[in-house]
Structures are given as structure tokens and as C-alpha cells.
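Participant:
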Amino acid sequence: MDKRTILVISKNYSPILNIVKHIDDIEWIFLLPDYMNDTEEIETTSYQFTKINLKKIDEIIEVIDSYNISNIEGIISIEELYQETAAYLRAHYKTKGLKTEEIGKFRNKLIMKKFALEKKIKVPEFEILRNWEAAKEFLHKHNKVVIKPVSGVGSMSTFIVDSEKKLKSVIDNLKLNKEYIIEKYIDGDVYHIDSLIVNGNVLLNNVMKYETPAVEFKNIESLSAITLNDESLELILKNEAKRILRAFKVDNGVTHLEVFVSKGEIIFCEIAIRPGGSGIVEVIEGLYGVNLNEACILLQLEKNLNYSSKILKQKKHGGWTIIFSNQNGILKNIENEDKLLKNHGIYTVKHHYKLGERVSIPKWSSDSLTTITYVLDEYEKTKILSKNINDIINISIDKE
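In this note's numbering, the protein residues as written are 1 to 400.
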């Protein structure tokens, strides 16, 4: 019998390596984006890898076919940016997993919101961004709006607009080859709900509140989210998440859902069928002992999870903070990290750039310099640590 082959489409391949090295009965081939420079870690392994433009399907198929693989068992992707590519390839090679026609409601914001409406899920009022006049009329109706790409990733290319001047500036600078939606800005709290679903059962359903809405990331030094201290609201949000997951027919997988709570109403923002970014995976591992990246991969491989028969309970409180660059320049120094690590509850600290590397103002909410996660016994201590992180760690950048 031929050895089974799994294709992995990824930029952030490091956590995947840590998982697949424990699976012996599969040959792994990694397809990495052609602009990647740092491949040192995968070069130290025996895994085959190719750097290629992951947007050009014909070239990818040509490369895959050059391996002369007789048995492609599956195609894995845990990053939103490459989910459509993975879905197309699954259909082409007739492998298991989400195909092109199924991924749209998780990747295309227009399809997603229309689908939610059909399922009686409340969404912000929205429409396709057609032209200046229509956009101006929509702005006048709602006073404050959000413009985002239909096939965007996270908060990338997302704009908050509250004046005609800002609206014109945004529209004049939009990429002409992309489709955008314009929607009413919801004034309220924003929550992310991260779930693990196995055979239709929601085993893990973790709720966290953004301290600042993620769409505001361009105007702040850092972005944080922490667990809740309101059991009643938490239960309501978990039940709404379950309703949304049923509507979107998620039977197996890991999801990242965002909702607004405004004037007592829960309003759908968006849903992704992959683990959340920022420090969400690490925090949930600290709270539940479950790695969502690993769970996502194992479910895509249709392998059993050793916790698949029990509902996972939150053990403590926790949160994550990501720190942004406030200017373009060279990363000079990271001070007081030792002081930060002395704080009780710090779970992980990860720097995404080395000293001397060029950094820039973020293009999307997960485009950060540093990710810090923390897990503590009490909510109040968690909230205090979240607020104090910016005062503890000092990142200096030499302006270009």
C-alpha cells in the first residue's frame, strides 16, 4: 500500500511542525509562500517543501503533480489567507475536507452575511460598495460606517469612516481589483468566541471580550482580550454561538466567531473556520489544556481526539495582548521583558521580529511586534495585568 501524503499550505508552519512530527504514518509536503525568507526550521527536518505563489492555482497544481504522488490523503490549512486555495485543491484532487462551494460562507463576507440573514441571525445593515454617491447616502443614514474587503483577512484593509472627507479618502485609495462592503458601525462591546466541534458536539466554547474593538487597531498601541466575569452574559453568548454553529453546519472543526453586544442585542460580526490568531491558541491551551491548532489538524485528518467525549471546562481566567509598532523603522530594543516575566500569570511571550529588523505600522490587527498571553486564578488580577502590560514592557524603534 502506498504511503499516504498530506499537503500543508501555510506561512506560519512552525506550530504545524510541532504537531505533525508525532504522526508517523504520513508523508508531509509543505507548500510555503514564495516571499518567505525564514525557512531555517523546516530545513532542519526531513520534510519536503516548496516556496511558491499560493494564489496561482495552476502553478501550485503543476508543482504538486511534479512530486508524482499517487495517494493524496488530504490538504491542510489552518490560516485564513490560504483556505480558498486549499478548498480548490481538495476539489481538484478529490480529497476530504471543505471544498470551494463550502468555504465561501466562511471566507466571503458578502456570502457570509447573506447566509446569516437567511438563518435569522442578526447582522449590521450592509451593502456592496458600489460608488461614491451610494456610499455617501449610506454614511448619511448611519453616521458612522465600516468599509472592508469582501474576501479580506481579519482587519486587513478595514476602515472606520465618520465623515464625507474620510469616506472620499478611503474610496480614492481602495484597490480597484477588489470588492468591498460598507456596513453600519455597531457601537457596543465586541467578543470573540472560539469553539471546538466534534461530530456536531461543541466540546469547547470560550468567550473573551476585546478591551478595544479590533477594527480600532490602527489608533492604539496594543490590543487585548480577556475572559468574562459575567456568568449570565457568558452563557447567553455561548448559546448564541451554538445556534450560529448549527446554522453554518459546522459538524467538525475549530471556529473563531466575533459578535457585538449593543443595547442588549447580540449582532453577528463574522465567523472563520480556523483557530483564532493573536494569542488565542496559547490562552486556550492555558485555560483548557487543549491546543486548537493540533485539534484543527487532527480533525482535518479525521483522527480521534483524546478529549473528544467530554465537554471541556474553563479552569481559570486569561487573556492576550498584542503590541503594535507606532511607526516605520528598525527595531532597536525590547526593555523590561525580565520584569514582565516576573509577573505571576504570564503564560507566553513571543516576539515576531528580531532586533535590527525593519518593522512597520500594522496593516491588520494581528500584524504585531509581540504577543503576550496570561492565565490567572482570578478575573480582577487578569484585568489588572492586561492593563499594566504596556507600562511594563518598553519597545524602542529607530525611525527611518
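The beta carbon of each residue, even a glycine, is placed where N, CA and C say it ideally should be.
Values in this document were obtained by computation on a predicted structure and should not be read as measured data.
Where does the unbroken alpha helix (DSSP H) through Gln-83 begin, and where does it stop?
Facilitator: By 1-based counting over the sequence shown, the position of residue 83 is 83. Its alpha helix (DSSP H) spans residues 83–93.
Participant: Look at the alpha carbon of Tyr-35 and the alpha carbon of Ile-392, and state the distance between them as a whole number of angstroms.
Facilitator: Counted from its first residue, the sequence shown places residue 35 at position 35. Counted from its first residue, the sequence shown places residue 392 at position 392. Looking at the two C-alpha atoms, the distance is approximately 34 Å.
Participant: Check Ile-389 in the structure and name its three-state DSSP category.
Facilitator: For the purposes of this step, residue 389 is taken as the residue at position 389 of the sequence shown. If DSSP states are grouped into helix, strand and coil, Ile-389 belongs with the helices.
Participant: Using CA atoms only, rank isn't needed, just tell me which of Lys-120, Glu-179, Leu-31 is closest to Asn-53.
Facilitator: Indexing the sequence shown from 1 puts residue 53 at position 53. Comparing Cα-Cα distances from Asn-53 to each of Lys-120, Glu-179, Leu-31, the minimum goes to Leu-31.
Participant: Which class does Ile-60 belong to by DSSP, given the choice of helix, strand or coil?
Facilitator: Here residue 60 refers to the residue found at position 60 when the sequence shown is read from its first residue. In the structure shown, Ile-60 sits in a helix (DSSP, three-state: H, G or I).
Participant: Excluding five sequence neighbours on each side, which residues of the same chain lie with their C-beta closer than 6 Å to the C-beta of Ser-157?
Facilitator: Counting from 1 along the sequence shown, the entry for residue 157 is found at position 157. The residues are Pro-149.
Participant: Should Trp-132 go down as buried or exposed, given a rule of 16 or more other Cβ atoms within 10 Å for buried?
Facilitator: Taking the first residue of the sequence shown as 1, we reach residue 132 at position 132. So Trp-132 counts as exposed.
Participant: Put Met-1 into one of helix, strand or coil per three-state DSSP.
Facilitator: Residue 1 sits at position 1 when you count from the first residue of the sequence shown. With a pLDDT of 45 at Met-1, under the threshold of 50, the modelled position of that residue is not reliable, and no figure is offered here.
Participant: Give the secondary structure of Asn-199 by DSSP, where H, G and I count as helix, E and B as strand, and everything else as coil.
Facilitator: Here residue 199 refers to the residue found at position 199 of the sequence shown. Of the three classes helix, strand and coil, the one that applies to Asn-199 here is coil, per DSSP.
Participant: Taking just the CA atoms, how far does Ser-46 sit from Ile-197?
Facilitator: Here residue 197 refers to the residue found at position 197 when the sequence shown is read from its first residue. Here residue 46 refers to the residue found at position 46 when the sequence shown is read from its first residue. Answer to the nearest angstrom: the Cα atoms are 32 Å apart.
Participant: To the nearest angstrom, how far is it from the Cα of Glu-102 to the Cα of Glu-84?
Facilitator: Locating residue 102 in the sequence shown gives position 102, where the first residue counts as 1. Locating residue 84 in the sequence shown gives position 84, where the first residue counts as 1. Near 10 Å, if we compare the C-alpha coordinates of Glu-84 and Glu-102.
Participant: For Lys-310 and Leu-204, what's the separation of their Cα atoms in angstroms?
Facilitator: Walking along the sequence shown from the start, residue 310 turns up at place 310. Walking along the sequence shown from the start, residue 204 turns up at place 204. The alpha-carbon atoms of Lys-310 and Leu-204 are separated by roughly 9 Å.
Participant: Rounded to whole angstroms, what is the Cα-Cα separation between Ile-346 and Ile-372?
Facilitator: As a first step, residue 346 must be located in the sequence shown, where it is residue number 346. As a first step, residue 372 must be located in the sequence shown, where it is residue number 372. Those two C-alpha atoms are separated by around 8 Å.
Participant: Over the uninterrupted alpha helix (DSSP H) stretch that includes Asn-239, give me the two end residues.
Facilitator: By 1-based counting over the sequence shown, the position of residue 239 is 239. First-last of the alpha helix (DSSP H) with Asn-239: 231–247.
Participant: If contacts are defined as beta-carbon pairs under 8 Å, then Thr-382 and Ile-186 qualify, I think. What distance do you get, rounded to the angstrom?
Facilitator: Indexing the sequence shown from 1 puts residue 382 at position 382. Indexing the sequence shown from 1 puts residue 186 at position 186. Actually they do not touch by this definition, with Cβ atoms about 26 Å apart.
Participant: Please work out which residues of its chain come closer than 6 Å, Cβ to Cβ, to Val-20, disregarding the five sequence neighbours upstream and downstream, and give them in chain order.
Facilitator: The residue labelled residue 20 in the question sits at position 20 within the sequence shown. Here the set comprises Trp-28.
Participant: Are the region 237–250 and the region 168–187 touching by the rule of at least three beta carbon pairs closer than 8 Å?
Facilitator: Taking 8 Å as the limit for Cβ pairs, the verdict is that the region 168–187 does not touch the region 237–250.
Participant: Sort Leu-331, Leu-228, Leu-376 by Cα distance to Asn-343 and report the nearest one.
Facilitator: Residue mapping note: residue 343 aligns to position 343 of the sequence shown, counting from 1. It is Leu-376 whose Cα lies nearest to the Cα of Asn-343.
Participant: May I ask you to report which of helix, strand or coil DSSP gives Asp-65?
Facilitator: Start at 1 with the first residue of the sequence shown, and residue 65 comes out as number 65. Residue state, collapsed to three classes: helix.
Participant: Verify whether the separation of the beta carbon atoms of Ile-297 and Ile-76 is less than 7 Å.
Facilitator: The sequence position of residue 297 within the sequence shown is 297, counting from 1. The sequence position of residue 76 within the sequence shown is 76, counting from 1. Closer than 7 Å, so yes.
Participant: Rounded to whole angstroms, what is the Cα-Cα separation between Lys-136 and Glu-164?
Facilitator: Reading the sequence shown from its first residue, position 136 is the one you call residue 136. Reading the sequence shown from its first residue, position 164 is the one you call residue 164. Spanning the two alpha carbons is a distance of roughly 7 Å.
Participant: How about Val-211 and Ser-224: do their beta carbons lie closer than 7 Å?
Facilitator: Position 211 of the sequence shown, counting from 1, holds the residue named residue 211. Position 224 of the sequence shown, counting from 1, holds the residue named residue 224. The sequence shown places Glu at residue 211, rather than the Val named in the question. Yes. Within cutoff.
Participant: Using a Cβ-Cβ cutoff of less than 7 Å, which residues in the same chain neighbour Phe-138 once the five nearest sequence positions on both sides are dropped?
Facilitator: Taking the first residue of the sequence shown as 1, we reach residue 138 at position 138. Contacts found: Glu-127, Val-145, Ile-182.
Participant: How many angstroms separate the CA atom of Glu-282 from the CA atom of Asn-177?
Facilitator: Walking along the sequence shown from the start, residue 282 turns up at place 282. Walking along the sequence shown from the start, residue 177 turns up at place 177. Straight-line Cα distance between these residues: approximately 36 Å.
Participant: Rounded to a whole number of angstroms, what is the C-alpha to C-alpha distance between Lys-3 and Asn-68?
Facilitator: Along the sequence shown, read from residue 1 onward, the residue named residue 3 stands at position 3. Along the sequence shown, read from residue 1 onward, the residue named residue 68 stands at position 68. Cα-Cα distance, rounded: 13 Å.
Participant: Whose C-alpha, out of Ile-280, Gly-289, Glu-265, Gly-200, is nearest the C-alpha of Lys-249?
Facilitator: Translated into the one-based positions of the sequence shown, residue 249 becomes position 249. When only C-alpha atoms are compared, the closest one is Gly-200.
Participant: Leaving aside the five residues before and after Lys-119 along the sequence, list all residues of the same chain whose C-beta is less than 7 Å from its C-beta, in chain order.
Facilitator: Numbered from its first residue, the sequence shown carries residue 119 at position 119. Same-chain partners within the cutoff: Ala-247.
Participant: Under 7 Å, do Glu-258 and Val-153 count as touching if we go by C-beta distance?
Facilitator: Taking the first residue of the sequence shown as 1, we reach residue 258 at position 258. Taking the first residue of the sequence shown as 1, we reach residue 153 at position 153. The answer is no: Cβ separation not under 7 Å.
Participant: Which residue comes first and which comes last in the beta strand (DSSP E) that contains Glu-43?
Facilitator: Position 43 of the sequence shown, counting from 1, holds the residue named residue 43. Premise fails: Glu-43 lies in the alpha helix (DSSP H), 40–43, not in any beta strand (DSSP E).
Participant: Quick check: the region 287–307 against the region 328–343, are at least 3 beta-carbon pairs closer than 8 Å?
Facilitator: Segments in contact, no.
Participant: How would you call Asp-367, buried or exposed, if buried means at least 16 neighbouring beta carbons within 10 angstroms?
Facilitator: By one-based count along the sequence shown, residue 367 stands at place 367. Its Cβ being crowded by 16 or more others within 10 Å, Asp-367 is buried.
Participant: The alpha helix (DSSP H) that contains Lys-441, what's its start and end?
Facilitator: Since the first residue of the chain shown is 1 and the last is 400, residue 441 is not available in this structure.
Participant: Measuring alpha carbon to alpha carbon, tell me which residue in Ile-61, Ile-193, Leu-98 is nearest Leu-301.
Facilitator: The residue labelled residue 301 in the question sits at position 301 within the sequence shown. When each option's Cα is compared against that of Leu-301, the closest is Leu-98.
Participant: Just mark Asp-194 as buried or exposed, buried being the case when its beta carbon has 16 or more other beta carbons within 10 Å.
Facilitator: For the purposes of this step, residue 194 is identified with residue 194 of the sequence shown, where counting begins at 1. The residue in question, Asp-194, is buried, as its Cβ has 16 or more Cβ neighbours within 10 Å.
Participant: Within this structure, are the beta carbons of Val-202 and Leu-228 separated by less than 7 Å?
Facilitator: Along the sequence shown, one-based indexing puts residue 202 at 202. Along the sequence shown, one-based indexing puts residue 228 at 228. Not a contact, by the Cβ cut-off of 7 Å.
Participant: What residue range does the beta strand (DSSP E) around Gln-401 cover?
Facilitator: Residue numbering for the chain in the displayed model covers 1 to 400; residue 401 lies beyond these limits and cannot be assessed.
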